[in-house]
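Protein chains in written order, with my numbering: chain S, 1320 to 1451; chain X, 1320 to 1451.
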DNA sequence: CATGCACCTAGACTATGTCTAAAATCGGAT
DNA sequence: ATCCGATTTTAGACATAGTCTAGGTGCATG
């Protein structure tokens, strides 16, 4: 994983401390943080960071394709650094969201739907994460 | 489809005019209305109906299993009278949500996931509805 | 130093949904 | 019919997520 600094530069975006802090956190974590979780984390190194800046930066990264946004956890938007196609598993107990690799699940029949031209899809699963 | 009045009685719930109006609309429409759409419709016959009552009644029907709630359309909850298992197709242009019959799409591999015990799942598709 | 530009901040604003206190209504007992 | 307690409804306050705006800061350039 490239440094957040370089990633921002590659986008032609000024690498301000606020943007670096957002990018560092959200692109490295394997979790699926909400905007407020990002804000809370960014404030640890950048205490005056505002809500608007965090949202602006997240939306910027989404626009540029480095990040995906999904409305999953009870109607809140979560940001997902995994931009490859994948499915999602939501733990009923904890609310945690886990990525499921694309090829772990097979889906058939979407091309045969008469009424719908399917351009994208994903499987959203719910249940319990197994302990090992 | 039974009358809304009888459905409410079967649930052991007092069939007030407000509840009947909510149930009639939401259980009969094939669309996937948001709470505000339900409220707007209910007010046509029951102009003083309040937001709280609509939410209370919708949540009641969800608890009793007559209705499903999904967070789909841009983070808003939509209510779905189709409580059978089915998938969803979201039209990118209009935002309209369409039901896709369970057997129109096949999903495999969910049982073989090592880390997750999948209790329920659905395929969420996006694209364009075909015109006929 | 003055100007302009990109950025950031605080807070106002909107929208969805929940909660509360008080008013209205219901059903049963008299 | 009337009273009473329980349920329901209402209006509005509140909570939360997210967007927008006005103003301020800092930096580069002339």
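For glycine and all other residues, C-beta sits at the position ideal for the given N, C-alpha and C.
Item	Value
Start-to-end residues for the beta strand (DSSP E) that takes in residue 1441 (chain S)	1435-1448
Contact with chain X by residue 1442 (chain S), beta-carbon distance below 8 Å	yes
Cutoff 6 Å; reference residue 1444 (chain S); Cβ partners in own chain excluding five residues on either side	1408
Under the three-state DSSP convention, the category residue 1412 (chain S) falls into	coil
Collapsed DSSP secondary structure at residue 1354 (chain S) in the structure displayed	helix
Where residue 1389 (chain X) falls: helix, strand or coil (DSSP)	strand
Reference residue 1358 (chain X), options X:1386, X:1428, X:1372 and X:1347, closest by Cα	X:1372
Neighbour list for residue 1438 (chain X) in chain S, Cβ cutoff strictly below 9 Å	1411, 1444, 1445, 1446 and 1447
Contact belief for residue 1352 (chain S) with residue 1388 (chain S) at Cβ below 8 Å, rounded distance in angstroms	Actually they do not touch by this definition, with Cβ atoms about 11 Å apart.
Alpha carbon of residue 1341 (chain S) to alpha carbon of residue 1424 (chain S), nearest angstrom	32 Å
Beta-carbon proximity of residue 1346 (chain S) to residue 1391 (chain S), cut-off 8 Å	no
Straight-line gap, residue 1447 (chain S) to residue 1432 (chain X) (C-alpha atoms, nearest Å)	11 Å
Residues of the stretch 1423-1435 of chain S with Cβ closer than 9 Å to any Cβ of chain X, in chain order	1423, 1424, 1425, 1426, 1427, 1428, 1429, 1431, 1432, 1433, 1434 and 1435
Spatial distance of residue 1322 (chain S) from residue 1330 (chain S) (CA atoms)	13 Å
Beta-carbon proximity list for residue 1326 (chain X), same chain, < 8 Å, skipping 5 on both sides	1342, 1346 and 1385
Interface residues of chain S facing residue 1417 (chain X) [CB-CB closer than 8 Å]	1434 and 1435
Any C-beta of chain S under 8 Å from that of residue 1354 (chain X)	no
Spatial neighbours of residue 1440 (chain X) in its chain, beta-carbon cut-off 8 Å, leaving aside the 5 residues before and after	1426 and 1429
Pick from X:1332, X:1418 and X:1435 that is closest to residue 1404 (chain X), judged by C-alpha positions	X:1418
For residue 1272 (chain S), the residue or residues it bridges with in DSSP	Residue coverage of chain S in this structure runs from 1320 to 1451, which leaves residue 1272 (chain S) outside it and unanswerable.
Same chain, Cβ closer than 7 Å to residue 1328 (chain X), five either side skipped, listed in chain order	1334
Candidates X:1354, X:1416 and X:1450, of which the one nearest residue 1374 (chain X) by Cα	X:1354
Contact list for residue 1344 (chain S) against chain X, beta-carbon separation under 8 Å	Per Cβ cutoff of 8 Å: no residues; residue 1344 (chain S) is ~22 Å from chain X at best.
Closest by C-alpha distance to residue 1339 (chain S), when choosing among S:1356, S:1350, S:1377 and S:1349	S:1377
From S:1401, S:1332 and S:1349, residue whose alpha carbon lies closest to that of residue 1415 (chain S)	S:1349
Buried versus exposed, by CB contacts within 10 Å (16 or more), residue 1434 (chain S)	exposed
Identity of the residue in X:1422, X:1438, X:1367 and X:1382 nearest residue 1400 (chain X) by Cα	X:1382
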